[in-house]
Amino acid sequence: MLDLEKYILRIADSALIISHRLSEWCSKGPTLEEDIALSNISLDLLGQANSLLEYCASINGKISADDLAFRRNGKEFYNFQICELENGHFGDTIIRQFLFDSYTLLFFQKLSQSKDETLSAIATKSIKEIKYHLRHSSNWVIRLGDGTSLSKEKIQNSLNNFWKFTGEFFEMDELDKKMAECKIGVDLYKLKNEWDNIINATFEKAKIQRPDDCVMITGSKKGVHTEHLEKILSKMQYLPRAYPDAKW
Amino acid sequence: MNKAATIWEVFIQSKNGLAHKHVGNVHAEDKEMALQNARDLYTRRNEGSCIWVVKSEHIVSSVPEDSESFFDPANDKVYRHPTFYKMPDGAKHI
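For the record, the sequence lines run as chains A and B.
9 is the number of the first residue of the first sequence in the working numbering; add one for each residue after it.
5 is the number of the first residue of the second sequence in the working numbering; add one for each residue after it.
And the structure:
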């Protein structure tokens, strides 16, 4: 697999897996309105994953985007582990989404300047969607944080639990460094300050505490995951694997 | 969200310059949520360029019992309709 393919897969997989998680809210949202909002966001992210996987498949030439989504095993997925964590209660989902949205907005803004024209185009298109996602998730963080004492306690706990999964956002391995050097990829170290500013401002409005720095979870760039990814894949990939020629 | 969430009426402007048209309502706890819910529910298929949301309680409505005194007197005043003029060929949307 070429470096560029692997780099694209990392971006695509995070969108695909968190999209699948959000889709699990469909018909189970706290209100009809919120149910549709989460499903909309899920569909946006699926669209982003689709564009990226199509691009990856076109570079590869031998496999399709569907193969990439439905025929890979857990160890061949490179999504951030935060994306595969369980939905939990609504506040858990909101915090996971907020941390992810705030990061991906900055990431795609930088990626839109990529020397790779297709990546740049996909990023530019995605930014509009992610801005809306971030608006949705950050408003909920503020609403729940600055809500009742119970909602505040719950969202603070959610944040504390997800925090150790945010270290992966800014990890750079050899591939990241190489892609950043040739101006195709993003220098992740440079995103950290701006990300801190965005989330700190929201935490302040939400009157919740930014957790202390701790030992961060790592591994997804090598295909290491929590136990939750396999469970997602067994559901997500079931149909195409059981009925390889199924069409709909 | 509790069951007593506020109801907001939603108005969508389909194109710049046209009037906002009532399309339905949403539940929401605050202005921003009302706007986002309206966006998610009513503009999924490119319906709009602008959204208004208004708390339903702020809409003042006539009641069915008033309809006789409100609307019937117009029935026999045909001269209020511009039907006695010839429409110029070039005039549209009148």
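Glycine included, every Cβ here is placed at the ideal spot set by N, Cα and C.
Predicted, not measured: the structure shown is a model, and the values here were computed from it.
Query raised in the report: A77/A and L24/A look like a contact to me (Cβ under 8 Å); what is the Cβ gap, rounded to whole Å?
Result: Mapped onto the first sequence, residue 77/A falls at position 69. Mapped onto the first sequence, residue 24/A falls at position 16. At roughly 6 Å, the Cβ-Cβ gap stays under 8 Å, so A77/A and L24/A are in contact.
Query raised in the report: Quick one: does the C-beta of Y111/A sit closer than 8 Å to a heavy atom of the ligand FAD?
Result: No copy of the ligand FAD occurs in the structure displayed, which carries no ligand at all.
Query raised in the report: How many angstroms separate the CA atom of D204/A from the CA atom of L114/A?
Result: Counting from 1 along the first sequence, the entry for residue 204/A is found at position 196. Counting from 1 along the first sequence, the entry for residue 114/A is found at position 106. When rounded, the distance between both Cα atoms is 11 Å.
Query raised in the report: Can the beta-carbon of F211/A be found closer than 9 Å to that of L196/A?
Result: In the first sequence, the residue the question calls residue 211/A occupies position 203. In the first sequence, the residue the question calls residue 196/A occupies position 188. No; because the gap between Cβ atoms is not below 9 Å, this pair is not in contact.
Requested in this report: Under 6 Å Cβ to Cβ from W33/A, same chain only, skipping five residues before and after it: list those, please.
Outcome: Your numbering for residue 33/A matches position 25 in the first sequence. Within the same chain, W33/A has close Cβ partners L46.
**Report entry** Straight-line Cα distance separating N29/B from D139/A
**Finding:** Residue 139/A sits at position 131 when you count from the first residue of the first sequence. Residue 29/B sits at position 25 when you count from the first residue of the second sequence. It is worth fixing the name first, because residue 139/A is Lys in this sequence and not Asp. Each residue's alpha carbon lies about 25 Å from the other.
Query raised in the report: When we look at the beta-carbon of Q164/A and count the other beta-carbons within 10 Å, is it buried (16 or more) or exposed?
Result: Position 156 of the first sequence, counted from the first residue, corresponds to residue 164/A. Flag for Q164/A reads buried.
Query - For I216/A, the three-state DSSP class (helix, strand or coil) - result: The residue labelled residue 216/A in the question sits at position 208 within the first sequence. Correct three-state label for I216/A: coil.
Query raised in the report: In the region 122 to 166 of chain A, which residue ranges form an unbroken alpha helix (DSSP H) of at least 4 residues, counting only runs that do not cross its ends?
Result: 125 to 153
Query raised in the report: When burial is assigned at 16 or more other CB atoms within 10 Å of the CB, is A209/A buried or exposed?
Result: Indexing the first sequence from 1 puts residue 209/A at position 201. That one is exposed.
Query raised in the report: Between A254/A and the rest of its own chain, which residues show a CB-CB distance below 8 Å, the 5 nearest in sequence each way excluded?
Result: As a working note, residue 254/A is residue 246 in the first sequence. The answer, listed in chain order, is L247 and P248.
Requested in this report: Identify whether I55/B lies in helix, strand or coil by the three-state DSSP scheme.
Outcome: Taking the second sequence and counting its residues from 1, one reaches residue 55/B at position 51. Three-state DSSP puts I55/B in a strand.
Query raised in the report: CB Q89/A to CB L30/A, shorter than 9 Å?
Result: For this step, residue 89/A is matched to residue 81 along the first sequence. For this step, residue 30/A is matched to residue 22 along the first sequence. No. Outside cutoff.
Report task. Consider the Cβ of E176/A: report whether some Cβ of chain B lies at a distance smaller than 9 Å. Result -> Your numbering for residue 176/A matches position 168 in the first sequence. No, because no Cβ of chain B sits closer than 9 Å to the Cβ of E176/A.
Query raised in the report: Do you know how far the Cα of Q121/A is from the Cα of L107/A?
Result: By 1-based counting over the first sequence, the position of residue 107/A is 99. By 1-based counting over the first sequence, the position of residue 121/A is 113. Their Cα atoms are separated by approximately 23 Å.
Query raised in the report: Applying the criterion that 16 or more other CB atoms from any shown protein chain within 10 Å of the CB defines a buried residue, is Q217/A buried or exposed?
Result: What you label residue 217/A is simply residue 209 of the first sequence in a count that begins at 1. Label assigned to Q217/A: exposed.
Requested in this report: Inspect the CB distances between the region 141 to 158 of chain A and the region 65 to 74 of chain A and report whether three or more fall short of 8 Å.
Outcome: no
Query - Beta-carbon separation (whole angstroms), C222/A vs K172/A, contact threshold 8 Å - result: Taking the first residue of the first sequence as position 1, residue 222/A is located at position 214. Taking the first residue of the first sequence as position 1, residue 172/A is located at position 164. The pair is a contact, with the Cβ atoms about 6 Å apart (cut-off 8 Å).
Query raised in the report: Helix, strand or coil for L12/A per DSSP?
Result: For the purposes of this step, residue 12/A is taken as the residue at position 4 of the first sequence. Residue state, collapsed to three classes: helix.
Query raised in the report: Can you give the Cα-Cα distance for A9/B and Y63/A, rounded to whole angstroms?
Result: Numbered from its first residue, the second sequence carries residue 9/B at position 5. Numbered from its first residue, the first sequence carries residue 63/A at position 55. Distance between the alpha carbons of A9/B and Y63/A is about 44 Å.
Query raised in the report: Can you name, in chain order, every residue of its own chain whose Cβ lies under 8 Å from the Cβ of F235/A, other than the five neighbours on each side?
Result: The residue given as residue 235/A occupies position 227 in the first sequence. The question names Phe, but residue 235/A in the sequence shown is Glu. Result list for E235/A: empty, nothing under 8 Å.
**Report entry** Minimum Cβ-Cβ distance from T39/A to chain E less than 9 Å
**Finding:** No chain E is part of this structure, whose protein chains are labelled A and B.
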